[in-house]
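Visitor: Quick one: the structure is below, and I'll ask about it shortly.
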Amino acid sequence: METADRTQPAELEAKTTRLQEKIVQLRGQMRRLEQIKEELKTQPDGQLSLSDPDARSMATSGRGSGMVGYNVQVAVDARHHLIVAHEVTNSGHDRAQLSPMAQAARDAMGKSRLKAIADRGYYSGLQIKACADAGIAAILPKTTTSSARFHGRFDRADFIYIARDDEYLCPAGQRAIYRMTGEEHGMQLHRYWSSACPRCAIKSQCTPSDYRRITRWEHESVLEAAQQRLDRMPDAMMVRRRTVEHVFGTFKHWMGYTHFLTRRLPNVSTEMSLHVLAYNLKRVIAILGFSRTMRAMRLVGA
């Protein structure tokens with residue numbers, strides 16, 4: 002061993018030095034990660050972006066995946082395909098954006114009433130109710146959270162609400178009557194079930210529990226009206242795709258997929274506003290022509 006120590010090549014000594022340097026770097030990175038771990042505990046949403054403090058994880062179509070960035074909201078006029086309202090947020094989902102964007106679009110268009118079409122990512126009972134209170138008819142598909150249909154059992158849609166009696170008619174012909182009211186997430190929820198459940202001949206097609214309990218929000222009629230509007234407009238999602246999705250496709254073509262050139266929310270909002278201005282200007286020129294657009298701008302300026 003002493004001979005090996007005396008005769009080891011210079012390359013081995015250099016390699017040992019490099020490994021020791023890497024160990025020092027790794028220990029420094031571990032200390033930094035421990036600091037970040039402690040900083041995360043102070044963040045209200047449990048997130049910390051090192052490249053842009055305002056950016057947050059955005060849900061993507063991939064299961065369990067996400068992308069750090071911003072959430073751009075736009076409202077598009079279905080007739081002329083002009084952007085009438087937009088906003089940049091760092092909220093990771095769209096569930097709280099339906100009413101604010103719909104009301105901003107209504108105000109921008111000077112309308113007292115409005116129809117707002119959105120996808121299922123915007124579905125929220127409280128947001129749909131807020132739209133109804135503001136005179137906005139929301140049209141969007143309901144999110145499916147129950148696995149009953151997948152497992153071959155009756156789902157909520159198979160139970161018919163009888164408003165005059167405040168009861169539900171189940172597929173077996175029995176009545177699920179009102180039992181109690183509870184509160185969840187600030188919503189008053191009524192509970193219904195039938196005493197005939199334990200003896201029901203088709204219970205295996207309904208529920209593995211002793212009773213099939215049905216929950217109804219106190220403003221459920223607002224959600225039922227939204228579903229009826231969607232049923233009467235089967236091409237609603239097609240209208241949405243050829244308006245707002247077309248706009249987003251144009252932006253991504255211009256900007257490069259997923260990339261903003263600025264950081265921090267105020268700067269990103271300004272960058273997005275410039276894109277919206279450019280898009281609307283090009284759209285107006287395509288509709289009116291350059292000469293009429295210039296005349297209209299001179300009249301507005303005057």
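Per my numbering, the sequence shown runs over residues 2 to 303. Cβ atoms here follow ideal geometry from the backbone N, Cα and C, with glycine treated the same way.
Report the rounded CA-to-CA distance for V75 versus V248, giving the unit in angstroms.
Guide: Computed Cα separation, rounded: 9 Å.
Visitor: CA-CA distance, H260 and L20?
Guide: Each residue's Cα considered, the two are about 37 Å apart.
Visitor: Starting from Y193, trace the beta strand (DSSP E) both ways and give me its first and last residue.
Guide: M188 to W194 is the span of the beta strand (DSSP E), which, as asked, contains Y193.
Visitor: So that I know if they touch, is there some Cβ in chain C lying closer than 8 Å to that of C201?
Guide: Absent from the structure is chain C; it holds one protein chain and no more.
Visitor: Using only alpha-carbon positions, find the residue among S100, I118 and L141 that is nearest to L127.
Guide: If we check each option's Cα against that of L127, S100 comes out closest.
Visitor: Spell out the partners DSSP gives E88 in its beta bridges.
Guide: Paired residue(s): Q74.
Visitor: Consult DSSP for L51 and reduce its assignment to one of helix, strand or coil.
Guide: L51 falls in the coil class under three-state DSSP.
Visitor: With DSSP collapsed to three states, give me the class of S274.
Guide: S274 falls in the helix class under three-state DSSP.
Visitor: Do L289 and A297 have their C-beta atoms closer together than 8 Å?
Guide: Against a cut-off of 8 Å, the Cβ pair of A297 and L289 comes out as a contact.
Visitor: Bridge partners of V69, per DSSP?
Guide: In DSSP, V69 forms a bridge with S58.
Visitor: Which first and last residues belong to the alpha helix (DSSP H) in which M110 is found?
Guide: L99 to M110 is the span of the alpha helix (DSSP H), which, as asked, contains M110.
Visitor: Can you tell me whether DSSP reads K253 as helix, strand or coil?
Guide: Residue state, collapsed to three classes: helix.
Visitor: Compare the Cα-Cα distances from D108 to each of K16, S205, L224 and I137 and report the closest residue.
Guide: Out of K16, S205, L224 and I137, I137 has the C-alpha closest to the C-alpha of D108.
Visitor: When the Cβ atoms of the segment 231-242 are set against those of the segment 137-149, are three or more pairs found closer than 8 Å?
Guide: Contact between the segment 231-242 and the segment 137-149 is present, because at least three Cβ pairs lie under 8 Å.
Visitor: Determine the contact status of A237 and I118, defining contact as a CB-CB distance below 8 Å.
Guide: Their beta carbons are under 8 Å apart, which means A237 touches I118 by this criterion.
Visitor: Within 10 angstroms of its Cβ, does S210 collect 16 or more other Cβ (buried), or is it exposed?
Guide: The residue in question, S210, is exposed, as its Cβ has fewer than 16 Cβ neighbours within 10 Å.
Visitor: So W194 packs on R213, CB below 8 Å; how close in whole Å?
Guide: Right, the Cβ-Cβ distance comes to about 6 Å (below 8 Å), so this counts as a contact.
Visitor: Taking only three categories from DSSP, how would you classify I161?
Guide: Three-state DSSP puts I161 in a strand.
Visitor: Would you tell me roughly how many angstroms separate the C-alpha atoms of Y71 and W255, rounded to the nearest one?
Guide: Each residue's alpha carbon lies about 17 Å from the other.
Visitor: From M181 to M188, what does the alpha carbon distance come to, in whole angstroms?
Guide: Spanning the two alpha carbons is a distance of roughly 14 Å.
Visitor: To the nearest angstrom, report how far apart L315 and A106 are at their CA atoms.
Guide: Nothing about residue 315 can be read from this structure; the chain reaches only from 2 to 303.
Visitor: For S148, count neighbouring C-beta atoms within 10 Å of its own C-beta (all shown protein chains included) and say buried if the count is 16 or more, exposed if not.
Guide: It is exposed - the Cβ of S148 has fewer than 16 other Cβ atoms within 10 Å.
Visitor: Which residue marks the beginning of the beta strand (DSSP E) containing K116, and which one marks its end?
Guide: Start and end: L115 to I118.
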